[in-house]
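Chains as they are written, first to last, in numbering that gives the first Met the number 0: chain A, 0 to 425; chain B, 0 to 425. Every residue, glycine too, gets a C-beta built ideally from N, C-alpha and C.
There are 2 protein chains.
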Amino acid sequence: MGTLISNTLAILPSGETHTAGRHDIYVDGTDIVGIDEAPRGFVADQTIDGSRRLTIPGLVNAHTHTYMSMMRNVADDLSFADWLFGTIEPLEDRLEPEDAYWASLLSQVEMIHSGTTCFNDMQMHIGQTTRAVVESGMRAVICRGLVGGEYDLNERRIREALEERDAFADCDRLSFRLGPHAPYSCGPDYLRGVADLAQREGMGIHIHIAESQTESDNLWEQHHCTPVEYVRDAGIFEVPTIAAHCIRVNESDRSILAEHGVSVVTNPASNMKLGNGFAPVPELVAAGINVCLGTDGAASNNAQNMFREMSLLALVHKGTHDTPQCISAEETLAMATRNAAKALELPTGAIEVGKKADLVLLDLDAPSLMPLNNPVAALAYSANGSEVTDVIIDGRTVLRNRELLTIDEERVRHEIARICQRLGLA
Amino acid sequence: MGTLISNTLAILPSGETHTAGRHDIYVDGTDIVGIDEAPRGFVADQTIDGSRRLTIPGLVNAHTHTYMSMMRNVADDLSFADWLFGTIEPLEDRLEPEDAYWASLLSQVEMIHSGTTCFNDMQMHIGQTTRAVVESGMRAVICRGLVGGEYDLNERRIREALEERDAFADCDRLSFRLGPHAPYSCGPDYLRGVADLAQREGMGIHIHIAESQTESDNLWEQHHCTPVEYVRDAGIFEVPTIAAHCIRVNESDRSILAEHGVSVVTNPASNMKLGNGFAPVPELVAAGINVCLGTDGAASNNAQNMFREMSLLALVHKGTHDTPQCISAEETLAMATRNAAKALELPTGAIEVGKKADLVLLDLDAPSLMPLNNPVAALAYSANGSEVTDVIIDGRTVLRNRELLTIDEERVRHEIARICQRLGLA
Numbered sequence: 000m001g002t003l004i005s006n007t008l009a010i011l012p013s014g015e016t017h018t019a020g021r022h023d024i025y026v027d028g029t030d031i032v033g034i035d036e037a038p039r040g041f042v043a044d045q046t047i048d049g050s051r052r053l054t055i056p057g058l059v060n061a062h063t064h065t066y067m068s069m070m071r072n073v074a075d076d077l078s079f080a081d082w083l084f085g086t087i088e089p090l091e092d093r094l095e096p097e098d099a100y101w102a103s104l105l106s107q108v109e110m111i112h113s114g115t116t117c118f119n120d121m122q123m124h125i126g127q128t129t130r131a132v133v134e135s136g137m138r139a140v141i142c143r144g145l146v147g148g149e150y151d152l153n154e155r156r157i158r159e160a161l162e163e164r165d166a167f168a169d170c171d172r173l174s175f176r177l178g179p180h181a182p183y184s185c186g187p188d189y190l191r192g193v194a195d196l197a198q199r200e201g202m203g204i205h206i207h208i209a210e211s212q213t214e215s216d217n218l219w220e221q222h223h224c225t226p227v228e229y230v231r232d233a234g235i236f237e238v239p240t241i242a243a244h245c246i247r248v249n250e251s252d253r254s255i256l257a258e259h260g261v262s263v264v265t266n267p268a269s270n271m272k273l274g275n276g277f278a279p280v281p282e283l284v285a286a287g288i289n290v291c292l293g294t295d296g297a298a299s300n301n302a303q304n305m306f307r308e309m310s311l312l313a314l315v316h317k318g319t320h321d322t323p324q325c326i327s328a329e330e331t332l333a334m335a336t337r338n339a340a341k342a343l344e345l346p347t348g349a350i351e352v353g354k355k356a357d358l359v360l361l362d363l364d365a366p367s368l369m370p371l372n373n374p375v376a377a378l379a380y381s382a383n384g385s386e387v388t389d390v391i392i393d394g395r396t397v398l399r400n401r402e403l404l405t406i407d408e409e410r411v412r413h414e415i416a417r418i419c420q421r422l423g424l425a
Numbered sequence: 000m001g002t003l004i005s006n007t008l009a010i011l012p013s014g015e016t017h018t019a020g021r022h023d024i025y026v027d028g029t030d031i032v033g034i035d036e037a038p039r040g041f042v043a044d045q046t047i048d049g050s051r052r053l054t055i056p057g058l059v060n061a062h063t064h065t066y067m068s069m070m071r072n073v074a075d076d077l078s079f080a081d082w083l084f085g086t087i088e089p090l091e092d093r094l095e096p097e098d099a100y101w102a103s104l105l106s107q108v109e110m111i112h113s114g115t116t117c118f119n120d121m122q123m124h125i126g127q128t129t130r131a132v133v134e135s136g137m138r139a140v141i142c143r144g145l146v147g148g149e150y151d152l153n154e155r156r157i158r159e160a161l162e163e164r165d166a167f168a169d170c171d172r173l174s175f176r177l178g179p180h181a182p183y184s185c186g187p188d189y190l191r192g193v194a195d196l197a198q199r200e201g202m203g204i205h206i207h208i209a210e211s212q213t214e215s216d217n218l219w220e221q222h223h224c225t226p227v228e229y230v231r232d233a234g235i236f237e238v239p240t241i242a243a244h245c246i247r248v249n250e251s252d253r254s255i256l257a258e259h260g261v262s263v264v265t266n267p268a269s270n271m272k273l274g275n276g277f278a279p280v281p282e283l284v285a286a287g288i289n290v291c292l293g294t295d296g297a298a299s300n301n302a303q304n305m306f307r308e309m310s311l312l313a314l315v316h317k318g319t320h321d322t323p324q325c326i327s328a329e330e331t332l333a334m335a336t337r338n339a340a341k342a343l344e345l346p347t348g349a350i351e352v353g354k355k356a357d358l359v360l361l362d363l364d365a366p367s368l369m370p371l372n373n374p375v376a377a378l379a380y381s382a383n384g385s386e387v388t389d390v391i392i393d394g395r396t397v398l399r400n401r402e403l404l405t406i407d408e409e410r411v412r413h414e415i416a417r418i419c420q421r422l423g424l425a
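What follows is the structure, encoded as C-alpha cells:
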C-alpha cells in the first residue's frame, strides 16, 4: 500500500533540532520510503493533499496506564493516600478484565484524535490492552505491572507477562517489557529476580522511581538509600530501563541514571496534580540523561493528550527556574518524539527514510496555528490537539479527516456507559 | 428571539460551588429567562437538543491583548528584554490599525471555538478591537493602553479612549475602562491624573502590576515602594481596579489589594513563558481577593484558549505548594467565570435567571469527557476546548455545530496571510 502526502509543510529532523519545509512524503508498507523523491517503482494507492497540512512525527506517550481512563475525574483535589488507597485501588479491584479492554480503547481514541501514535503502557489485565492495540492500529510497548516481596519465577504475574508476549508475537506494532512497579511495591529480592529474568529474556524494564517525598523518606528509613540507589543495587539498570517520574533525584542519583543510560519519563500534569511537585528536567538534561514525556494514566492527569503535556513541559520549568530559556520548544518536541523512540528502542519518532510511517497531519487553517511564525513553537505553545485531522500509524491511515477508521467510537461510548452503570459511576 | 436548550446537563451555581444536573434553559432576547420553567408567553424560535451536551457559563478571559495574535510564536524561549524590546515592540510599531482589527478578529475566532464568550482587552489601535467585537458578537471590556510621565488631559491616547467609548455607546456588549499600562511605564503624576479622570467619568481601571522581579527592583530603587504601593499611592485603587499578574506581591501588598477590593487576574502560561514565575494565587485567595483568570496576549501565551489556562491554573499551584488540595477544580471554574464577571461588573458568568445568556455547549461524546465522573473536574483537568460545539453570546447563537456564524474565517485567514507577507512574517 503506497501513500503519498504531497506538498506538505513537514517537520524533519536536522541534527539536534528540526526544520520545517515543504516536502512530498512517500510511504510504502509500514515505512517512510522517500522524501521528495519516490523510490523506484513506487505506486501511490492514495494521495493526501498536504498543502494545508503541517505533518509531524507521531507523538509518543512514554508513560501511561490506558485502562485508567475508567477512573477519570473520580478522585480529584485529594491527598495522594486518599486518592490511591481511598478511591483508585478499591475501584481497580472491581474492574473486570473486559472493562480494561474498553477503557484502554477509550484512551486510544483520545490519543489518536490528539496525535499520539505510540504509547508505553503499564497494565494489570493481561491480554486486554494488547487486544485493544491490535484493533486500534496503534504502536505500543506493553508492560505487565509486577509487585512483590520474594521473587518466584512461577508467580502468576510474571508467568502472565511472558505468556502475553508470546501470544502477541505476530503483531509487529507490539513489543513487551517487564514492569516492576516501584521501589515501594517491590522488595530488593523481587527486583533482583525481575532484573535477572529481563537479562535472560532480552527484555527491557519500565518502572516508577522517586515519584513522591514519602517514597524517598520511607526508603531512607528502611534501607538507607535513595529510590534510584535501591533500584540500581537490585541490578535493574543492567538492562535497558525506562524510569517514570524521577522527581526526588539528587545530583548523585542523576549521575547514576546517566551512567547506566536510563531513560527518564517526565509526567508534569500527574506530578503536579498529585502534589508531588516538579521533576528536575533541566538538571536531568544537563546530566546527559535521555528525557521523554508521558501523560501518566487518566486518573491522575486527567487527559491522554500529548499536546497539553508538551505545553506543560515547555512552560513549568521556565516558571520554576525563573528563566524563559529553560526547556525550549525544540527540546519539548524531541522529548515527545525521538527521545521516546530511543527509550523504547523503536524505529519511530522522526520523519526520515527508513523510519516507520507514524505520521500526524494538523490543519494549518486552525486559528491556534495562525499565523505560523514558528512551527515547532506552535506545537509546544499553541496547539491543543484539536488541530489533528489525519493520523497514519505503521503506514496505515487510522484517522482520516478527523474520523476514526479503526475503532467504532459509538460502541466504545456504549460499553463505557454500561461499565459505569455496573460500577455505580457517572 | 426565544431559544430553548432542552434536557441538557448544565452546571449551575450553588452557593460557593456548582452543581451539575439535567435542565431546560430558556433564553429570551439577551437574557436567561427561565430554568426548567418557561416564563409566561415564552415562544421558542429555536430548540437546541441538549441531551448529549454539557452546558456551562461562557468563559471570561479577564486579561488579554487580542491584537497580539499577529505576533504568535514570533519570539519564544527568549529573555523578557529580548522578547519585548528586541522583537515584539519593533513589530508592534509596524502594525497598521487595520492589522489590529484582523488580529483581534483572529483571537476572537480562537476564543469562541474554545468556549470564551467575554474578554477584557488592553489595546493600542483605537476603534479596531471594538469594530471586531461588533462583528464577532462577543462581549468585551475595552481598555486603551495608556503610558506617560506627565499627565495631560488632552494627550492623544486619553482623548482617544474617551472618544472610543462614546463612539460605541450603542453596543451593549461593549464596555470601557481606562488602561494605564503599568508602574514601569506610567509616572506617579500620570497615574494620579488617570485615577482622577476615571473617578470623574465613572470608569474602572485595568492595569498590569508586579509582573516581574525587575519591575519590583527598579521601583524600589527609584521610589522605595512596591508596585502595589506605587499604584495605590497614585489613587488608582479609589476606583474599581483589575490588576493583571501580581506575581511579586508580599503579604502587605496582598492586604492592600484586599482592602481596596482590587480584583487580580492571574495569567499562568504567560508568567511561566516569560520566566516571571508563579503568582501566589493560593495566598491571594486566602487574603480574600477576587481572583480571575486570563490568557494574556498570544505573543506570550501562545494561545487564547481558556480551557488550557484553566488546566494550568488548577495544576501549577499544586506543584509549587506540594499539595493536591491547592486551587480546586471548583475554584478554577469560578475564576474563569463568575469571579471575572464580578471584576468586570458584568451580569454574566453563571447560568441563572436574569443573567446574560452567555452559554457554551460541550460535546458529551468527546473522548476527553468520558466517563464524566465529575463535570467540574472534567472542565478543569480533562477538556481542552475542542469539545465546544455551540456558543451563545448575549442570547445570539454565534457558533453552531462548530461552525462560526458571525465571522468569515476564510476571510480572516486570507487577511492574516496578507499582513504576514507585508511584515515579512510566516
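What residue does the beta strand (DSSP E) around Q198(B) start on, and which one ends it?
-> Taking the first residue of the second sequence as 1, we reach residue 198(B) at position 199. No beta strand (DSSP E) holds Q198(B); the alpha helix (DSSP H) holding it covers P187 to E200.
Do E214(B) and P187(B) have their C-beta atoms closer together than 8 Å?
-> Locating residue 214(B) in the second sequence gives position 215, where the first residue counts as 1. Locating residue 187(B) in the second sequence gives position 188, where the first residue counts as 1. In this structure, P187(B) does not lie closer than 8 Å to E214(B) by Cβ.
Of the listed residues R164(B), T265(B), S211(B) and G201(B), nearest to I235(B) (C-alpha basis) = As a first step, residue 235(B) must be located in the second sequence, where it is residue number 236. Considering only alpha carbons, the answer is G201(B).
Give, in chain order, every unbroken run of the alpha helix (DSSP H) that is at least 4 residues long and sits entirely within the stretch 237–312 of chain A.
-> The qualifying runs are 250–258, 267–272 and 280–285.
Beta-carbon gap between L173(B) and R156(B) smaller than 8 Å = Here residue 173(B) refers to the residue found at position 174 when the second sequence is read from its first residue. Here residue 156(B) refers to the residue found at position 157 when the second sequence is read from its first residue. No, the Cβ-Cβ distance between L173(B) and R156(B) is not below 8 Å.
Tell me whether the beta-carbon of S327(A) lies closer than 8 Å to the beta-carbon of N289(A).
-> Position 328 of the first sequence, counted from the start, is the residue given in the question as residue 327(A). Position 290 of the first sequence, counted from the start, is the residue given in the question as residue 289(A). Taking 8 Å as the Cβ cut-off, S327(A) and N289(A) do not qualify as a contacting pair.
Between S381(B), E386(B) and N373(B), which lies nearest to A365(B) when the distance is taken from Cα to Cα?
-> Reading the second sequence from its first residue, position 366 is the one you call residue 365(B). Ranking the options by Cα distance to A365(B), first place goes to E386(B).
Is it a yes or a no for the stretch 327–337 of chain A touching the stretch 47–60 of chain A, going by three-plus beta-carbon pairs under 8 Å?
-> yes
If we cut at 8 Å on Cβ distances, does T322(A) have a partner in chain B?
-> The count along the first sequence starts at 1 and reaches residue 322(A) at position 323. For T322(A), a Cβ of chain B is located within less than 8 Å of the residue's own Cβ.
Leaving out the 5 sequence neighbours to the left and right, which residues in its chain are closer than 7 Å to L190(A) when beta-carbon positions are compared?
-> Within the first sequence, residue 190(A) is the residue found at index 191, counting from 1. For L190(A), where only same-chain residues beyond five positions count, the Cβ hits under 7 Å are P179, V230, A233 and I235.
For E506(B), which three-state DSSP category applies?
-> Residue numbering for chain B in the displayed model covers 0 to 425; residue 506(B) lies beyond these limits and cannot be assessed.
Decide if S13(A) is buried, meaning its Cβ has at least 16 other Cβ atoms within 10 Å, or exposed.
-> Within the first sequence, numbered from 1, the residue matching residue 13(A) stands at position 14. Label assigned to S13(A): exposed.
At 8 Å on the CB atoms, spell out the chain A contacts of A377(B), in chain order.
-> Numbered from 1 along the second sequence, position 378 holds the residue referred to as residue 377(B). Here the neighbours are R71, N72 and N301.
Going by Cα to Cα distance, which pick from D169(B), E159(B), H222(B) and T240(B) is closest to Q198(B)?
-> For the purposes of this step, residue 198(B) is identified with residue 199 of the second sequence, where counting begins at 1. For the options D169(B), E159(B), H222(B) and T240(B), the alpha carbon positioned closest to that of Q198(B) is the one of T240(B).
Excluding sequence positions up to five away, which residues of its chain have a Cβ less than 7 Å from the Cβ of N270(A)?
-> Against the first sequence, residue 270(A) aligns to sequence position 271. For N270(A), where only same-chain residues beyond five positions count, the Cβ hits under 7 Å are H244, I246, G276, F277 and A278.
Test: K355(A) CB closer than 8 Å to a CB of chain B = Mapped onto the first sequence, residue 355(A) falls at position 356. No, its Cβ sits nowhere closer than 8 Å to a Cβ of chain B.
How far does the beta strand (DSSP E) with C142(A) in it reach, from first residue to last?
-> Locating residue 142(A) in the first sequence gives position 143, where the first residue counts as 1. That run of the beta strand (DSSP E) goes R138 to L145.
Under 7 Å from the C-beta of K317(A): neighbouring residues of chain B | For the purposes of this step, residue 317(A) is taken as the residue at position 318 of the first sequence. Result: M271, K272 and G274.
Find out if the Cβ-Cβ distance for the pair F79(A), S211(A) is shorter than 8 Å.
-> Locating residue 79(A) in the first sequence gives position 80, where the first residue counts as 1. Locating residue 211(A) in the first sequence gives position 212, where the first residue counts as 1. It is a contact, given that the beta carbons lie within the stated cut-off.
Proximity to K317(B) [Cα-Cα], best of T46(A), M305(A), L283(A) and L77(A) | As a working mapping, residue 317(B) is identified with position 318 in the second sequence. When each option's Cα is compared against that of K317(B), the closest is L77(A).
Inter-stretch contact (C-beta, 8 Å, three-pair minimum) for the stretch 354–364 of chain A and the stretch 26–39 of chain A = yes
Enumerate, from N- to C-terminal direction, the unbroken beta strand (DSSP E) stretches of 3 or more residues contained entirely within the stretch 89–133 of chain B.
-> 115–122
Neighbour flag for A425(B) against chain A, beta carbons, 8 Å | The residue given as residue 425(B) occupies position 426 in the second sequence. Yes, A425(B) counts as interfacial toward chain A.
Given a limit of 8 Å on CB to CB distance, which residues of the stretch 61–93 of chain B reach chain A?
-> S68, M69, M70, R71, N72, V73, D75, D76, L77, S78, F79 and W82
Helix, strand or coil for G178(A), going by three-state DSSP, please let me know.
-> For the purposes of this step, residue 178(A) is taken as the residue at position 179 of the first sequence. Here G178(A) sits in strand by DSSP.
Give a yes or no on whether the C-beta atoms belonging to T128(B) and A99(B) are separated by under 8 Å.
-> Translated into the one-based positions of the second sequence, residue 128(B) becomes position 129. Translated into the one-based positions of the second sequence, residue 99(B) becomes position 100. Yes, Cβ-Cβ distance for T128(B) and A99(B) is below 8 Å.
Does at least one heavy atom of the ligand FAD sit under 7 Å from the Cβ of D252(A)?
-> Annotation note on the ligand FAD: not contained in the displayed structure, which lists no ligands.
Alpha helix (DSSP H) segments (min. 4 residues) lying fully within the stretch 35–61 of chain A | Listed in chain order, there is nothing to give.
With a cut-off of 8 Å, does the C-beta of I415(B) fall near any C-beta of chain A?
-> Translated into positions along the second sequence, residue 415(B) becomes position 416. For I415(B), at least one C-beta of chain A is nearer than 8 Å to its own C-beta.
Quick one: residues in its chain with C-beta nearer than 7 Å to the C-beta of E108(B), no 5 flanking neighbours on either side, listed in chain order?
-> To locate residue 108(B), count along the second sequence from 1; it is residue 109. A small correction: the amino acid at residue 108(B) is Val; Glu does not occupy that position in the sequence shown. The answer, listed in chain order, is L403, I406, E408 and V411.
For the alpha helix (DSSP H) holding D165(A), just list the boundary residues, first then last.
-> As a position in the first sequence, residue 165(A) is number 166, starting the count at 1. Segment R155 to A166, the alpha helix (DSSP H) holding D165(A).
Identify whether Y183(A) lies in helix, strand or coil by the three-state DSSP scheme.
-> What you label residue 183(A) is simply residue 184 of the first sequence in a count that begins at 1. Coil at Y183(A), not helix or strand.
Look at the alpha carbon of A342(A) and the alpha carbon of G287(A), and state the distance between them as a whole number of angstroms.
-> Here residue 342(A) refers to the residue found at position 343 of the first sequence. Here residue 287(A) refers to the residue found at position 288 of the first sequence. Whole-angstrom Cα-Cα distance: 14 Å.
Compare the C-beta of F118(A) with all C-beta atoms of chain B and state if any pair is closer than 8 Å.
-> Taking the first sequence and counting its residues from 1, the one referred to as residue 118(A) is at position 119. No, because no Cβ of chain B sits closer than 8 Å to the Cβ of F118(A).
Those residues which DSSP pairs with I208(A) across a bridge = For the purposes of this step, residue 208(A) is identified with residue 209 of the first sequence, where counting begins at 1. In the DSSP output, where bridge partners are listed per residue, I208(A) has H244(A).
Within this structure, are the beta carbons of A9(B) and N72(A) separated by less than 8 Å?
-> Mapped onto the second sequence, residue 9(B) falls at position 10. Mapped onto the first sequence, residue 72(A) falls at position 73. No, the pair does not count as a contact, with Cβ atoms beyond the cut-off.
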